[in-house]
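Engineer: Structure incoming, see below.
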Amino acid sequence: LAPLCRLARINILLSKAICLVKGSELKQTKEGLTIRVFSEIPWFSLNEKYEFGKVALNRRRDFRKGKMECSMEKTRTGLKFV
76 LAPLCRLARI
86 NILLSKAICL
96 VKGSELKQTK
106 EGLTIRVFSE
116 IPWFSLNEKY
126 EFGKVALNRR
136 RDFRKGKMEC
146 SMEKTRTGLK
156 FV
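All residue numbers for the sequence shown refer to the numbering used here, where the first residue is 76 and numbers rise by one.
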(Lines of atoms letter the chains of each structure in order from A and count residues from 1; the text may use other names and numbers.)
(Lines give C-alpha, C1' and ligand atoms only; values in the text may rest on other atoms or scores of the structure.)
Protein backbone atom coordinates (compact mmCIF):
# COMPACT_ATOMS: atom_id res chain seq x y z
CA LEU A 1 0.00 0.00 0.00
CA ALA A 2 3.02 2.33 0.05
CA PRO A 3 2.32 3.59 -3.51
CA LEU A 4 -1.26 4.42 -2.50
CA CYS A 5 0.03 6.35 0.53
CA ARG A 6 2.36 8.37 -1.71
CA LEU A 7 -0.39 9.01 -4.28
CA ALA A 8 -2.82 10.13 -1.60
CA ARG A 9 -0.13 12.14 0.26
CA ILE A 10 -0.91 10.40 3.54
CA ASN A 11 1.31 11.65 6.37
CA ILE A 12 4.03 9.49 7.95
CA LEU A 13 2.11 8.69 11.14
CA LEU A 14 -0.87 7.39 9.21
CA SER A 15 1.29 5.53 6.73
CA LYS A 16 2.95 3.73 9.68
CA ALA A 17 -0.52 2.67 10.87
CA ILE A 18 -1.00 0.94 7.54
CA CYS A 19 -0.75 -2.40 9.36
CA LEU A 20 -4.37 -1.81 10.42
CA VAL A 21 -5.49 -1.78 6.80
CA LYS A 22 -7.44 -4.83 5.63
CA GLY A 23 -7.58 -3.82 1.97
CA SER A 24 -8.08 -1.09 -0.60
CA GLU A 25 -10.06 -0.48 -3.75
CA LEU A 26 -9.47 1.91 -6.64
CA LYS A 27 -12.18 2.38 -9.25
CA GLN A 28 -11.55 4.54 -12.30
CA THR A 29 -14.27 5.54 -14.74
CA LYS A 30 -14.40 8.08 -17.57
CA GLU A 31 -15.80 10.59 -15.06
CA GLY A 32 -13.41 10.12 -12.16
CA LEU A 33 -11.88 7.96 -9.46
CA THR A 34 -12.99 6.43 -6.16
CA ILE A 35 -10.44 5.46 -3.50
CA ARG A 36 -11.46 3.25 -0.58
CA VAL A 37 -9.22 1.92 2.19
CA PHE A 38 -10.66 -0.61 4.65
CA SER A 39 -9.29 -0.77 8.20
CA GLU A 40 -9.59 -2.86 11.34
CA ILE A 41 -10.69 0.40 13.00
CA PRO A 42 -13.79 1.84 11.26
CA TRP A 43 -12.91 5.53 11.84
CA PHE A 44 -9.52 4.91 10.19
CA SER A 45 -11.15 3.90 6.90
CA LEU A 46 -10.89 6.19 3.86
CA ASN A 47 -13.48 6.81 1.15
CA GLU A 48 -12.76 9.54 -1.41
CA LYS A 49 -14.46 10.39 -4.70
CA TYR A 50 -13.12 12.59 -7.49
CA GLU A 51 -14.53 13.82 -10.78
CA PHE A 52 -11.89 14.83 -13.30
CA GLY A 53 -11.80 18.59 -13.83
CA LYS A 54 -13.83 19.38 -10.68
CA VAL A 55 -12.99 20.16 -7.06
CA ALA A 56 -14.08 17.43 -4.60
CA LEU A 57 -14.81 17.77 -0.90
CA ASN A 58 -13.54 14.76 1.05
CA ARG A 59 -12.86 14.04 4.72
CA ARG A 60 -9.42 15.23 5.79
CA ARG A 61 -6.80 12.47 5.59
CA ASP A 62 -5.28 13.57 8.91
CA PHE A 63 -8.71 13.00 10.50
CA ARG A 64 -9.10 16.53 11.85
CA LYS A 65 -12.62 17.96 11.64
CA GLY A 66 -13.85 19.40 8.40
CA LYS A 67 -13.39 18.68 4.73
CA MET A 68 -10.51 19.13 2.31
CA GLU A 69 -10.80 20.48 -1.20
CA CYS A 70 -8.91 18.41 -3.71
CA SER A 71 -8.92 17.55 -7.36
CA MET A 72 -7.36 15.00 -9.63
CA GLU A 73 -6.23 15.23 -13.21
CA LYS A 74 -5.17 12.77 -15.85
CA THR A 75 -1.55 12.96 -17.00
CA ARG A 76 0.35 11.15 -19.77
CA THR A 77 1.56 8.58 -17.26
CA GLY A 78 -1.46 8.23 -14.97
CA LEU A 79 -3.29 10.32 -12.38
CA LYS A 80 -2.13 13.21 -10.20
CA PHE A 81 -3.63 14.98 -7.18
CA VAL A 82 -3.60 18.78 -7.57
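Think of the CB as a built atom: it goes at the ideal place given N, C-alpha and C, for glycine as much as any other residue.
#1: Using three-state DSSP, classify R81 as helix, strand or coil.
#2: Take E144 as the anchor and find which of T150, F156, T152 and R151 has the nearest alpha-carbon.
#3: Quick check: G107 and F127, are their CB atoms within less than 8 Å of each other?
#4: Run the CB neighbour count on V112, radius 10 Å, all protein chains shown included, and call it buried at 16 or more, exposed below.
#5: Once you ignore the five residues that flank Y125 on each side, which residues in its own chain have a CB closer than 6 Å to its CB?
#6: Can the beta-carbon of R135 be found less than 8 Å from the beta-carbon of A83?
#7: Tell me the rounded alpha-carbon separation between L121 and F138.
Structural biologist: Working from what's here:
#1: If you number the sequence shown from 1, residue 81 lands on position 6. Three-state result, R81: helix.
#2: Counting from one through the sequence shown, the residue named residue 144 turns up at place 69. Per the Cα distances, F156.
#3: Within the sequence shown, the letter at position 32 stands for residue 107. Within the sequence shown, the letter at position 52 stands for residue 127. The beta carbons of G107 and F127 sit closer together than 8 Å.
#4: The residue you call residue 112 lines up with position 37 of the sequence shown. Burial call: buried.
#5: As a first step, residue 125 must be located in the sequence shown, where it is residue number 50. The residues are G107, L108, A131 and M147.
#6: Position 60 of the sequence shown, counted from the first residue, corresponds to residue 135. Position 8 of the sequence shown, counted from the first residue, corresponds to residue 83. No, Cβ-Cβ distance for R135 and A83 is not below 8 Å.
#7: As a working mapping, residue 121 is identified with position 46 in the sequence shown. As a working mapping, residue 138 is identified with position 63 in the sequence shown. The C-alpha of F138 is placed about 10 Å away from the C-alpha of L121.
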